[in-house]
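Asker: Questions regarding the structure given below will be posed in turn.
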Amino acid sequence: MTQALSLLPPQLMTTPPLLTMTGVSRRYGDVVALQDVSALVYPGEVLGIVGESGSGKSTLLRMMNLEDTPDTGDYRLALPDLDGNLFGLDRFARRMLCATRIGIVYQNPHQGLLMQHTSSGNVAERLLIAGERSFANLRARGRTALEASEFPLDRMDARPIELSGGMQQRVQLAKAIALEPALLLLDEPTTGLDVSVQALVLDTLKRLQRDRAITMVIVSHDLGVIRTMADRVMVMRRGRVVEQGLSDQIFQDPQHEYTQQLVHAKL
Amino acid sequence: MSIAQLTKAWQPMSYGFLDASAKRELRRKMLKAIAVPGCQMPYASREVPMARGWGTGGLQVTLTLLKPSSVVKVIDQGADDSVNAASIRSFLSKVSGAAETWDTLDASLIQSRHRIPEERLHAGQILVLQVPNPEPLRPVEPNMSIARQMHADADYGRLWLILYEQIVRSGRIMEGAAYPSLVNGRHVMTPSPIPRWDVPKLHMAQHLTFLSAGREKRLYAVPPFTKVEPLVFSDVPFKVEDHGALTCHRSGVNGFYMNEIPQGDGGSAFELSDSHLGIKAIRQAEGEADQIGATWYQNGHLA
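Protein chains in written order, with the working numbering: chain G, 22 to 288; chain C, 725 to 1027.
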C-alpha cells in the first residue's frame, strides 16, 4: 500500500486547482502593474509570492480579493454555486463573496480593522455581514476565532488601537478566518513586526494551516517568511511572473537571473 | 386690457411663505420619499425665518403641506406651549390661514420635535418630524459618499456592531433616542430623536410620517401601513423605556412616557411628556367633557 502511494503523483497535481487566474493585466495610466499574470492555487496548499517593491505582488493580491478589476483577465474559484469570471460579478455579489469565502490580512492593520471598535467587534462585523443576528452566537464565534489565532481572550474587548502590532495582526487573522473561508490571503502579514513576534505570528499561521488545511496565498518581500510558509513560490518582477516552482526548488536551484540575485542577496 | 387685469395683486409673500418653485421641489421630493420608504432624498433646503437646527427641515415640509383648511399642532419635546412650539404654530397659521390646535385628535398636520403623540394618529393625519441628523450610518462611516453606497448595498452590518459593543460594554443596548430602524425591509433610517418608546408607533401606522432635516438637506418618509422594525439581535429583544409604571404627579395618569423632574430633596417627580394628554386628563377628572382618543400604549404596554 505504501508502495502504491509513493508512486502516486504529488497530491497537488491530482486535485483541480481552487484558484485559477489567467492572463491578468492591469495598467494604472502609464504604469504597468500586471502584465499577463496567471496563477493556480491548489486546495490546501500555500502559495508564496515574492518580488521587490513595485513588482505587482500586492496588486495581484488585491485582484484576488476582488478589490480591483483588471483591464483583462479571468479569475475563477472552484467553489460550489460559483462559476464564471469573478471579475464580472456586481458590487453586491463581490462583497458577499469577499466576506464569506475569502479572508485577508493586510500589512497595515488600519486597512483591515475598525480601529475604534473592539477586537471582538471587528470579528463580529464579519459575521454580521454574513447575516448572523444572534448576540450569543456572535460572542461565541468571535471568541472561537480569536482563540484560534492565539489572541489573549482577556483582551478581546480592547480596541485594536490599544494593542501591539502582533496582536493587531492576530485580530485581523481572527477576522479573516471567522467564517472559515476557502481562501486566505496574507499581504505581508509580518512586515513591521520584530523578529520574535514575527516568529510567533508565523507559528500561528503554520498551525492554522496544518489544523484546518486552509488554502493560503502569502505575499512577502521577505524570503525567510516565504521559505517557512510556502509550498510553492511565484517570483514576480515588473508586473510579470519570472519564475515559479516548488519552494525548495526555487530556493535551492533558482533558474531565472533575478531569482538567483534574490536568493543570493538573502544568503 | 391692462397689466393689472392679467396679473395677480401684489402680496407681501407667497401663500405658505415658501415660493412656488420651492414648494414644487419639496413636493416632488416628498412624493419620491413616499415611493421609497425610509430612503433619504436630498432637497434644496431654503431659508426660513428660523435658525438652522431649530426645525427648519420640518417647517419647510409643513409649509408645503399647508392649506387654509389645515389644522396644525406643533409639539416640542411633547409640549404645545414651549416658546419654540408656540412660535412655529403661530407662524404657520399666519402664513396660511390654517387653524391652530393643541389637540392631537383635531389636528390634520402635526409638526413635532422629539415625540409622537400618545394618542393614536388616524388615517389622513400627517406627522412631520424635525430631524437633526438623518444619517444612521454616520457613527460607523464618517464618509457620506461611502455611507450612501452602503445604503445602496443595504450594507447595514456595522449598525449591529454598535449595538453589539453596547451590550458588551454595558450589558444592554444603550441607544436611547433615534434608534435605527429598518423601514419596509430595505432602508435603515434614524427616526429623528424620538425615544425608543415612540418607535413602535411608526410600525404599520395609519398616518403618514415625514422626517426632514433642514441643515442636512435630506427628507424621508414612512408611508401609512409600512413596516418599521428596530434593529435587534434575535436573542436580545427590543425594549422601550421603563416608563410603564410611572405616574404623572400632576394628572395622576400612568403608563405613558414621562419627563423626569428633579426635586429639591434629591428625588424626582414625573410628568407626562405629552402635555396635552395631561391637560385633557385633568379636565376629564374635573368633570369637563374632554375626549381622550385611543392610545398606542395601554397600562404601559403596547396595545
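Here a beta-carbon is modelled for each residue, glycine too, at the ideal position from N, C-alpha and C.
Fair warning: this is a prediction, and the values are worked out from it, not measured in the lab.
Out of C/N808, C/W734, C/D922, state which residue places its alpha-carbon closest to the alpha-carbon of C/P773.
Answerer: Nearest of C/N808, C/W734, C/D922 to C/P773, Cα basis: C/N808.
Asker: Of the residues that make up the region 877 to 898 of chain C, which ones have a beta carbon closer than 8 angstroms to any beta carbon in chain G?
Answerer: Those residues of the region 877 to 898 of chain C that come within reach of chain G (Cβ to Cβ, closer than 8 angstroms) are D877, D879, G881, R882, W884, L885, Y888, E889, I891, V892, R893.
Asker: Got a sec: is the Cβ-Cβ distance from G/T296 to anything in chain C below 8 angstroms?
Answerer: Outside the modelled stretch of chain G, which goes from 22 to 288, sits residue 296 of chain G, for which no answer is possible.
Asker: Within the continuous alpha helix (DSSP H) that includes C/T788, where are the two ends?
Answerer: Start and end: 780 to 789.
Asker: Looking at the secondary structure, which residues open and close the alpha helix (DSSP H) in which G/V246 lies?
Answerer: Segment 244 to 250, the alpha helix (DSSP H) holding G/V246.
Asker: Just to check my reading of the structure: C/R844 and C/T1019 have Cβ atoms closer than 8 angstroms, yes? What is that Cβ distance to the nearest angstrom?
Answerer: Confirmed, Cβ separation roughly 6 angstroms.
Asker: G/A54 by DSSP, collapsed to three states: which one?
Answerer: If DSSP states are grouped into helix, strand and coil, G/A54 belongs with the strands.
Asker: Could you tell me which of C/Y767, C/F741, C/K951, C/L750 sits nearest to C/R942, measuring between CA atoms?
Answerer: Taking only the C-alpha atoms, the option nearest C/R942 is C/Y767.
Asker: Beta carbon of C/P792, beta carbon of C/A744: below 8 angstroms?
Answerer: Contact flag unset, no.
Asker: At what residues does the alpha helix (DSSP H) containing C/I812 begin and finish?
Answerer: 807 to 820 is the extent of the alpha helix (DSSP H) around C/I812.
Asker: In terms of residues, what are the limits of the alpha helix (DSSP H) holding C/N857?
Answerer: From DSSP, C/N857 is part of no alpha helix (DSSP H); its letter is neither H nor E.
Asker: Does any CB atom of chain C fall closer than 8 angstroms to the CB of G/I125?
Answerer: For G/I125, the answer is no, since every Cβ of chain C falls outside 8 angstroms of its Cβ.
Asker: Grouping DSSP H, G and I as helix and E and B as strand, with all else coil, what is G/I125?
Answerer: Reduced to three states, the DSSP call for G/I125 is strand.
Asker: What residue range is occupied by the uninterrupted beta strand (DSSP E) comprising G/R261?
Answerer: Taken as a continuous stretch (DSSP letters only), the beta strand (DSSP E) holding G/R261 covers 261 to 267.
Asker: Do the CB positions of G/L207 and G/V126 come within less than 8 angstroms of each other?
Answerer: Going by C-beta atoms, G/L207 is nearer than 8 angstroms to G/V126.
Asker: When you compare the region 189 to 200 of chain G with the region 155 to 168 of chain G, are there three or more beta-carbon pairs, one atom per stretch, that lie closer than 8 angstroms?
Answerer: With a cut-off of 8 angstroms, the region 155 to 168 of chain G and the region 189 to 200 of chain G count as touching, because enough Cβ pairs lie within range.
Asker: Does the beta-carbon of G/L28 have 16 or more other beta-carbons within 10 angstroms, so that it is buried, or is it exposed?
Answerer: The pLDDT assigned to G/L28 is 42, lower than 50, so where the model puts this residue is not dependable; a value taken from the coordinates is nonetheless given after this. With fewer than 16 other Cβ atoms within 10 Å, it is exposed.
Asker: Once the 5 residues before and after G/P37 are set aside, which same chain residues still bring their CB inside 7 angstroms of it?
Answerer: Excluding positions up to five away in sequence, the list reads A99.
Asker: Under the DSSP definition of a beta bridge, which residues are partnered with C/F741?
Answerer: C/F741 pairs with C/S738.
Asker: Does DSSP put G/V192 in a helix, a strand or coil?
Answerer: The answer is helix: DSSP assigns G/V192 an H, G or I state.
Asker: Do you know offhand how far G/V45's Cα is from G/D92's?
Answerer: One C-alpha to the other measures close to 8 angstroms.
Asker: Terminal residues of the continuous beta strand (DSSP E) containing G/D95?
Answerer: Per DSSP, G/D95 belongs to the beta strand (DSSP E) from 93 to 98.
Asker: Is C/D922 buried or exposed, if buried means 16 or more other CB atoms sit within 10 Å of its CB?
Answerer: Classification for C/D922: buried.
Asker: Less than 8 angstroms between CB atoms is the rule here; does C/S958 satisfy it with respect to chain G?
Answerer: Closer than 8 angstroms: yes.
Asker: Inspect the CB distances between the region 179 to 192 of chain G and the region 134 to 144 of chain G and report whether three or more fall short of 8 angstroms.
Answerer: The region 179 to 192 of chain G, when compared against the region 134 to 144 of chain G, does touch it at the 8 angstroms Cβ threshold.
Asker: What separation, rounded to the nearest whole angstrom, lies between the Cα atoms of C/V864 and G/Q270?
Answerer: Going from the Cα of C/V864 to the Cα of G/Q270 covers about 48 angstroms.
Asker: At least one CB of chain C closer than 8 angstroms to the CB of G/S59: is that the case?
Answerer: No - not a single Cβ of chain C is within 8 angstroms of the one on G/S59.
Asker: Are the region 752 to 768 of chain C and the region 939 to 958 of chain C touching by the rule of at least three beta carbon pairs closer than 8 angstroms?
Answerer: Yes: at least three Cβ pairs fall under 8 angstroms.
Asker: Along chain C, which residues have their Cβ under 7 angstroms away from the Cβ of G/E146?
Answerer: The answer, in chain order, is G881, R882, L885.
Asker: Please identify the residue among G/A251, G/L204, G/G213, G/R228 whose C-alpha is closest to the C-alpha of G/E171.
Answerer: For the residues G/A251, G/L204, G/G213, G/R228, the minimum Cα distance to G/E171 belongs to G/R228.
Asker: For G/D111, write down the residues that DSSP places opposite it in a beta bridge.
Answerer: Beta-bridge pairing links G/D111 to no other residue.
Asker: To the nearest angstrom, how far is the alpha carbon of C/A810 from that of G/E153?
Answerer: Using only the alpha carbons, I get a separation of about 47 angstroms.
Asker: What whole-angstrom Cβ distance do G/S268 and G/V254 have, given they're in contact under 8 angstroms?
Answerer: About 5 angstroms separates the two Cβ atoms, so the contact holds.
Asker: With C/A937 as the anchor, note down where its beta strand (DSSP E) starts and where it stops.
Answerer: From DSSP, the beta strand (DSSP E) with C/A937 extends over 932 to 937.
Asker: In this structure, how does DSSP classify G/A25 when only helix, strand and coil are distinguished?
Answerer: Low local confidence applies: a pLDDT of 40 at G/A25 is under 50, so the model's placement there is unreliable, and no value is given.
Asker: If you compare alpha carbons, which of C/E842, C/S916, C/L783 is closest to C/G802?
Answerer: Cα-wise, what sits closest to C/G802 is C/E842.
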